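For the sequence shown, the numbering used here gives the first residue as 790, with consecutive numbering after it. The C-beta atom is built at its ideal place from N, Cα and C for all residues, glycine as well. Nothing here was measured: the structure is a model prediction, and the numbers come from that model. Structure, as structure tokens:
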Amino acid sequence: MIVGEDGRSSTEKDTIERDDFWATTSNKQLNFVQHIKTLLATHGRAAVVLPDNVLFEGGAGETIRRKLLHECDLHTLLRLPTGLFYAQGVKANVLFFDKKPASESPWTKQLWIYDLRTNKHFTLKTNPLRREDLDEFVGLYNVGNRQKRKPTWSAENPEGRWRVYSYDELVARDKASLDIFWLKDESLADSDNLPPPDVKEAAPNRRNRGVHEPLPEKVDVLISGTGPAGLCLAAQLAQFPGIETMIVEKMPANIIKGKADGINTRTMEMFQAFGFADKVKRETYWVNQTNFWMPDPKNPDLIRRVGRVQDVADDSSEMPHILINQARLHELFLEVMKNSPSRLEPDYGWEVVGLTIDPSTNDHPVTVTLKDATGVNWWATRTVRANYVVGCDGAHSAVRKSIGGDRPPMGAGHVGAHHPGRA
Ligand SMILES: Cc1cc2nc3c(=O)[nH]c(=O)nc-3n(C[C@H](O)[C@H](O)[C@H](O)COP(=O)(O)OP(=O)(O)OC[C@H]3O[C@@H](n4cnc5c(N)ncnc54)[C@H](O)[C@@H]3O)c2cc1C
């Protein structure tokens, strides 16, 4: 938008219309190619760095490529490695072409392509492109005698990076696309072996969880209790391996049966953020309507339906209100933790019996005493120092007691605990 002195605005036209251009387009790179073509003297030579879209874009792109192949001798294409030219991640190439006098037959006879991209991994800082990385290409280019070029690719040597295509092959391609690769991309070939997408790459600093490994001496956050509140917090913190999190539970393992089963729509939305709402939706019973039954006044031995109400108000959430076994819900949180970069797992069988806070330091000021609640060393204690301790240990929270908190009156909810279904 250009605003003139009189305050009127006009829009700058991006589309370039020039008689000496092959096609009218607003694509800057395509116009750049056309502009260079017009600047070249007959038999003049050009080598132009261009992004991949020039090689495959339809419409004006196709027209320009067909003209370029016909009116110029487009003899060489160097496919550059990713991320080094233009902006990060933009894929670029060098197109080598010579301008030729007008002719009925196409000037391009063969296009030689060198693939310096597939399975090459350069970076700007740690592994920059060096002159010797171009040695093979420069040799094969054969400046002195292009007619004597020899491909390194063949059916017998499918790994060869230097391959030739005839004019007929190129113009027969869909949209005369020059976006050509033949080497097998190892990263794609390996895709069958990739872990499932929910499994994040493990952080190198994660805790060693061998069976004989002792408890850590210090952690950033210690969570007491693996109810829904503790697991939800642990699943979230587990995504940040820079924060060392520990979650302890006095019971020996995850619960088998729970108490809570009703999950409201807002909690489902939270599950969506953790990535398992769809799984929950597939596995569970949806409470869409509620029926009310009363003894039948005409025949009190029987009951009859007296009402039916819609459960979730229209447009209040895209999620349903569902019923799920609480133990299953715990499993889903545990799975998120296990797949996280920290590979976090609860330390079962450890009960928080008390904690002290050292106000004179900021370095892990809370010392938590844990009791072996189920193991062979039953009643033995260990201490773990923490920067933060979160009491998710239910209505009779030992953490709350340790910091002098009272049990809240019935109906007031738990201090420091989320209510999973009715939050
Ligand atoms: C019968 C019943 C039915 C319910 N139905 C529903 C429902 O349908 N929907 C709903 O949303 N809610 C329901 N609730 C409420 C729901 O169960 C609670 O709100 C929820 O479990 C609270 O979660 P929490 O993580 O805070 O604590 P809890 O679930 O109580 O978990 C606390 C955990 O801490 C552990 N722990 C305790 N002390 C220590 C310690 N000192 N050291 C280490 N670990 C410790 C415990 O073993 C436990 O695993 C129901 C509750 C009851 C009793």
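In this structure the segment 838-851 touches the segment 807-818; the number of beta carbon pairs closer than 8 Å is three or more. Comparing alpha carbon positions, the residue from TRP942, PHE1060 and ILE1146 closest to ILE1111 is PHE1060.
Spatial neighbours of ALA1042 in its own chain (CB-CB distance under 7 Å, excluding positions within 5 residues in sequence) are listed in chain order as TYR1137. A distance criterion of 8 Å places the beta-carbon of GLN1115 in contact range of ligand 1, judged by its closest non-hydrogen atom.
Excluding five sequence positions before and after LYS1039, the CB atoms of its chain that fall closer than 6 Å to its own CB belong to GLU1140 and ALA1162, given in chain order.
As summarised for the segment 957-1022, the continuous beta strand (DSSP E) elements at least 3 residues long and confined to that stretch are 1007-1013, given in chain order.
In summary, PHE970 is exposed, with fewer than 16 beta-carbon neighbours lying within 10 Å of its beta-carbon over all protein chains present.
The alpha helix (DSSP H) runs lying completely inside the segment 1064-1119 and spanning 4 residues or more are 1066-1072, given in chain order. Annotation for ASN1176: the continuous beta strand (DSSP E) segment containing it runs 1170-1180. For SER1191, the enclosing alpha helix (DSSP H) stretches over residues 1187-1191. Looking at GLY1019, THR1034, LEU972 and ILE1113, the one whose alpha-carbon comes closest to that of ARG995 is THR1034. Taken through DSSP and simplified to helix, strand or coil, MET1035 comes out as strand. Per DSSP, ASP924 has no beta-bridge partner at all. Only residues of its own chain outside the window of five on either side were considered, and among them GLN823, THR852, ILE853 and LYS856 have a CB closer than 7 Å to the CB of TRP811, listed in chain order. For GLU1140, the beta-bridge partners assigned by DSSP are LYS1160. With a threshold of 16 other beta carbon atoms within 10 Å, ASN1151 falls short and is exposed.
Under the three-state reduction of DSSP, GLN899 is assigned to strand. Note on geometry: alpha-carbon atoms of ASN1080 and LYS1048 lie some 23 Å from one another. Taking C-beta atoms as the reference points, LEU1133 and LEU1026 count as a pair closer than 9 Å. Residue pairing by DSSP places SER955 opposite GLN899 in a beta bridge.
For LYS1046, the Cβ stays outside the 8 Å cut-off from all heavy atoms of ligand 1. Note on GLY1016: 16 or more other CB atoms within 10 angstroms of its CB, so buried under the neighbour-count rule.
The count of Cβ pairs closer than 8 Å, one atom from the segment 888-897 and one from the segment 943-954, stays below three, leaving the stretches out of contact.
Taking all protein chains in view, the Cβ of VAL932 is surrounded by fewer than 16 other Cβ atoms within 10 Å, so the residue is classified as exposed. With a 10 Å radius around the Cβ and a threshold of 16 neighbouring Cβ atoms, VAL1179 comes out buried.
C-alpha of SER943 to C-alpha of LEU1022: approximately 57 Å in a straight line. Taking non-hydrogen atoms of ligand 1 into account, the C-beta of SER1186 is found less than 8 Å away from one of them.
Going by beta carbons, LEU959 and THR865 fall outside the 9 Å limit. Collapsing the DSSP output to three states places VAL822 in a helix. Nearest in C-alpha terms to GLN936, of all of ALA961, ASP963 and TRP901, is TRP901. Per the coordinates, the alpha-carbon of LEU918 lies some 15 Å from the alpha-carbon of GLY878. When secondary structure is reduced to three states using DSSP, VAL932 falls in the coil class, being assigned neither helix nor strand. Looking from the CA of ILE1044, the closest CA among GLY928, ARG906, GLN1115 and GLY833 belongs to GLN1115.
For LYS888, the enclosing beta strand (DSSP E) covers residues 881-888. For GLN1028 and SER1129, the gap between their C-alpha atoms comes out near 5 Å.
Between the alpha carbons of LYS1070 and HIS1185 lies a gap of roughly 32 Å.
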